[in-house]
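Colleague:
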Amino acid sequence: MITPRQITCSILSLLLLSSCTLTDSGTPQRVVQVKALGDLKLREENPRWVEEVRGLIEAASDYFEREFGIRFVTQTVAPWPLKDRIPSTPALMSRVKAEVPLKDPGGSYDLVIVFTGERVNVYVGGRARVDRIGDCRQGLGNYLVSSVSGPFYYRGPNVEPEMDVVALIHELGHIFGAEHIQDIGSIMNENFDYRTEFDKKNRAVIFKNKFCPFGKGG
């Protein structure tokens, strides 16, 4: 026999579940369409580079979805450049902007990410790894260069991000307008190491720019 107390508890449980569902689905989410490229060095060193590149984006996306409601979806993974090795990060950025459009027969993209296996420290010296610091006036950034320092295996959404993922998160922050800051505890400090938290100021900037249009490349 079902008692009035059991009926009441069941109704309350259903209401709570319904409330949770509405909260989750009611949170506006930004979906970013990504084209990922692997350079010659990365492809030479890692036969599973396609899986690795997808995993790095997925891990960074897990973080941004959890923190900001921004999801990065990898539409295409392709080799580029096909033959040349480009150890210079600024040169790689210049080439990709000139040679890789935001629209091709495979689809249209908001963001193109070049993953490089070159053994260069691209995270010092203030050199840009993004084409622009995003804003609503000129648009969010369209191109990003990220270094891959070693093999990566995606292990799900609830693990501490590895260094290459942290570096990618840092650069994606720039795409949405975050800038370098002196706060040594912030992932947007130039020497971010294994920091995984955005400072209050840059968090607010990313939320403000969350639904800004992307730039048009070039």
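Numbering of the sequence shown is given in the numbering used here, commencing with residue 1456 and proceeding in unit increments.
Ideal placement from N, C-alpha and C gives every residue a C-beta, glycine not left out.
#1: Just curious, the alpha helix (DSSP H) that G1628 is in, first and last residue?
#2: Smallest Cα separation from M1618: which of P1606, H1629, P1612, G1611?
#3: Using the Cβ count rule (16 or more neighbours within 10 Å means buried), how would you classify S1480?
#4: Which class does G1493 belong to by DSSP, given the choice of helix, strand or coil?
#5: Go ahead and label K1671 buried or exposed: buried means 16 or more other beta carbons lie within 10 angstroms of its beta carbon, across all protein chains shown.
#6: What is the rounded straight-line gap between the Cα of H1629 and the Cα of K1558?
#7: Can you tell me which of the three DSSP states S1516 falls into?
#8: I need the DSSP call for L1557, collapsed to helix, strand or coil.
#9: Pick from R1587, A1553, L1595: whose alpha carbon is nearest that of R1485?
#10: Could you tell me the alpha carbon to alpha carbon distance between S1641 and E1615, rounded to whole angstroms?
#11: Report the rounded CA-to-CA distance for E1506 versus V1551, giving the unit in angstroms.
#12: Quick one: what's got a C-beta closer than 7 Å to E1513's C-beta in the same chain, skipping five residues either side?
#13: Taking all protein chains shown into account, do 16 or more other C-beta atoms lie within 10 angstroms of the C-beta of N1597, making it buried, or fewer, making it exposed?
Modeller: In short, the structure shows the following:
#1: Its alpha helix (DSSP H) spans residues 1618 to 1630.
#2: Each of P1606, H1629, P1612, G1611 was checked against the Cα of M1618, and the nearest Cα belongs to P1606.
#3: In this prediction, S1480 has a pLDDT of 49, which is less than 50 and means its spatial position is unreliable; what the coordinates show is noted afterwards. By the 10 Å Cβ count, S1480 comes out exposed.
#4: Assignment of G1493 by DSSP, reduced to helix, strand and coil, places it in the strand class.
#5: By the Cβ neighbour-count rule, K1671 is exposed, with fewer than 16 other Cβ atoms within 10 Å of its own.
#6: C-alpha separation (whole angstroms): 22 Å.
#7: Reduced to three states, the DSSP call for S1516 is helix.
#8: Three-state result, L1557: coil.
#9: For R1485, the closest alpha carbon among the candidates R1587, A1553, L1595 is that of L1595.
#10: Cα to Cα, the separation comes out at about 16 Å.
#11: Cα-Cα distance, rounded: 21 Å.
#12: The residues are Y1609.
#13: With a 10 Å radius around the Cβ and a threshold of 16 neighbouring Cβ atoms, N1597 comes out buried.
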